[in-house]
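Going by my numbering, the first residue of the sequence shown is number -8, and it counts up by one from there. Built from N, CA and C at the ideal position, the CB exists for glycine as well. To start, the structure itself, in structure tokens.
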Amino acid sequence: MTVKGHMVLALLPIAAVMGPEALHHPVLLGAAAIGAVAPDIDEPGSYIGRRLPFLAYPLRWIGIKHRTLTHWLIFPLALLLFALPFRGEPWFPITIAFIYGVFMHDIGDMLTKRGIRGFFWPLFPKMTTRFLPRPFALHTGGWAEYLLVSILIVLTGLLLIGADMEGLLKIVKTAVVDMGRSFTEKGVALF
Ligand SMILES: [Zn+2]
């Protein structure tokens, strides 16, 4: 999944829950977006790896392969465990937003063909977790991902500006029904 895809996948649920209110918390949004790209620090060629090579290369040198430790469920859980004693600290919500982003990154990678192997490590270390059956899974950087991410970006934007989603849904529904009707009418006319 691309950087944009990971970010929008983390931001969309926040936009859906908080609506325009989310824009009053840019630091939380930023923390979630950074968390959403953080696990790829295990790949020096990735967006985050290229920006933080002093972290990415040592991880590679100690033998951490791409889509392993930083992509396993144990990683956000461990971060959460370290953060919990600091409840009440002003930066605690920012940390939680970051950890949430990390988790959402994994969800994004699970939508791709490769999925995440060993996600529940140390349980089922050889199992690959993928949401969609292989033929339907996204190809990183492919057209299906591009299309999905574009739709999600528009949707997130609409939610953040507080667009009337029900009204929009109605318009789409009417358009689809009209289109269907005109097709069937034409079909009937042919016979
Ligand atoms: Zn990843």
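C-alpha distance - glycine 153 paired with proline 113, whole-angstrom precision
Each residue's alpha carbon lies about 43 Å from the other.
Local Cβ density within 10 Å of phenylalanine 182, reported as buried at 16 or more and exposed below that:
Residue placement at phenylalanine 182 is flagged as unreliable, the pLDDT there being 49, under the threshold of 50; a coordinate-derived value is accordingly withheld.
Where DSSP assigns a beta bridge to arginine 108, which residues make up the other side?
DSSP output for arginine 108 lists Thr119 as bridge partner(s).
Return the chain-ordered list of same chain residues with a C-beta closer than 8 Å to the C-beta of glycine 10, the five sequence neighbours on each side being excluded.
In the same chain as glycine 10, and ignoring 5 residues on each side of it, the C-beta atoms closer than 8 Å to its own belong to Leu150, Leu151, Gly153, in chain order.
Specify the secondary structure class of threonine 103 as computed by DSSP and reduced to three states.
Taken through DSSP and simplified to helix, strand or coil, threonine 103 comes out as strand.
In chain order, what residues of the same chain have a beta carbon less than 6 Å from the beta carbon of glycine 26, not counting five sequence neighbours either side?
Closer than 6 Å at the Cβ level, and outside the excluded window around glycine 26, lie Phe89, Gly92, Val93.
Specify the secondary structure class of leucine 184 as computed by DSSP and reduced to three states.
Beyond the ends of the chain as shown, which are -8 and 182, falls residue 184; an answer cannot be given.
For a test of the three-state rule: what should DSSP assign to lysine -5, helix, strand or coil?
Helix.
Where tryptophan 134 falls: helix, strand or coil (DSSP)
When DSSP states are grouped into helix, strand and coil, tryptophan 134 belongs to the helix group.
Any residue with its C-beta under 6 Å from a non-hydrogen atom of ligand 1 counts. Can you list them all in chain order?
Result: Pro30, Asp31, Arg58, His62, His96, Asp100.
Have a look at Thr131, Ile87, Leu64 and flag the residue whose alpha-carbon is nearest the alpha-carbon of alanine 74.
Nearest C-alpha to alanine 74: Ile87.
Return the CA-CA distance between isoleucine 162 and arginine 172, expressed in angstroms with no decimal places.
Within the model, the alpha-carbon separation for isoleucine 162 versus arginine 172 is close to 15 Å.
Do you know offhand how far isoleucine 5's Cα is from glutamate 176's?
Cα to Cα, the separation comes out at about 42 Å.
Out of Met(-8), Val(-6), Leu0, point me to the one whose CA is closest to methionine 95's CA.
Of Met(-8), Val(-6), Leu0, the residue nearest in Cα terms is Leu0.
Can you name, in chain order, every residue of its own chain whose Cβ lies under 7 Å from the Cβ of leucine 123, other than the five neighbours on each side?
Non-local beta-carbon contacts of leucine 123 in its own chain, meaning distances under 7 Å to residues more than five positions away in sequence, involve Leu102 in chain order.
Of the listed residues Thr147, Glu34, Lys117, nearest to proline 49 (C-alpha basis):
Ranked by Cα distance from proline 49, the first of Thr147, Glu34, Lys117 is Glu34.
Excluding the 5 residues preceding and the 5 following threonine 119 in the sequence, name in chain order all residues of the same chain whose CB lies nearer than 6 Å to its CB.
Gly106, Arg108.
First and last residue of the alpha helix (DSSP H) that includes glycine 26?
17 to 26 is the span of the alpha helix (DSSP H), which, as asked, contains glycine 26.
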